[in-house]
Structures are given as C-alpha cells and as structure tokens.
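**Student:** The structure that follows is given in the form of structure tokens.
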Amino acid sequence: MKVKEVNAMKKMITGPVLPVKEPTENIGDFVCINSWAGRTEKPCRIVGETPTRFKIEVDVETWLPNGWLQPGQQRLVPKTSVRRIHESS
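Under my numbering, read the sequence shown as residues 1273 to 1361, first letter to last.
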C-alpha cells in the first residue's frame, strides 16, 4: 500500500477530530471523604485556592478527617478531594 492509501484508511477508521465543548456552567462542587465504610460526597462551595488546596465552605455539617466542619465554616482541603461537576452545552 502507498502512504496516501494508508492515511486515507486511518481517517476512515478514526473519523474526523471534533473540538470538545467546553463546560459552560458549574453545577456544583463536592468534597469527597474516603473511609473504611466507603466514599462520602458532601456539597460545598470553593471560596479560595492555593497552588495545592481549595478553601471550601459547606452548608451542611460535614465530617472531615481532622474534625467536624459546621455550616458556614471554611477549611483548606487538597484539590484531589474536591469533585467539580460542570454542565456541557
């Protein structure tokens, strides 16, 4: 096979490359806590950010590994423990 034929076959197999739609609206953020009993996710708001952590605020009483976080309180948590949900348009 010639190079042009191979490239044409690759395009037919893979199809055209389409741009990915960017997330338009943030639906919500959840702080995730893993324990022996499983994974718990509680809703939160991100109010600040450092290079490695998010500063979150919660609306419901939430257990974190270093103690309870009451509604309205803020705490720094690792970025890996926050799950962000976006709505695609």
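Note that the Cβ used here is the ideal one computed from N, Cα and C, for glycine as well.
Does the Cβ-Cβ distance between Arg1356 and Ile1328 come in under 8 Å?
**Tutor:** Cβ atoms of Arg1356 and Ile1328: not closer than 8 Å.
**Student:** Give me the Cα-Cα distance between Asn1306 and Thr1312, rounded to the nearest whole angstrom.
**Tutor:** 6 Å
**Student:** Is Thr1334 helix, strand or coil by DSSP?
**Tutor:** The answer is strand: DSSP assigns Thr1334 an E or B state.
**Student:** With a CB to CB cut of under 6 Å and the five nearest residues on each side skipped, what residues in its chain are close to Asp1331?
**Tutor:** Pro1343
**Student:** With a Cβ-Cβ cutoff of 8 Å, do Val1349 and Asp1301 count as a contact?
**Tutor:** Taking C-beta atoms as the reference points, Val1349 and Asp1301 fail to come closer than 8 Å.
**Student:** Name, in chain order, the residues that DSSP records as bridge partners for Lys1327.
**Tutor:** Gly1320, Leu1348
**Student:** Taking the straight line between their C-alpha atoms, what separation do you get for Gln1345 and Gly1339?
**Tutor:** Rounded to whole angstroms, Gln1345 to Gly1339 spans 12 Å at the Cα level.
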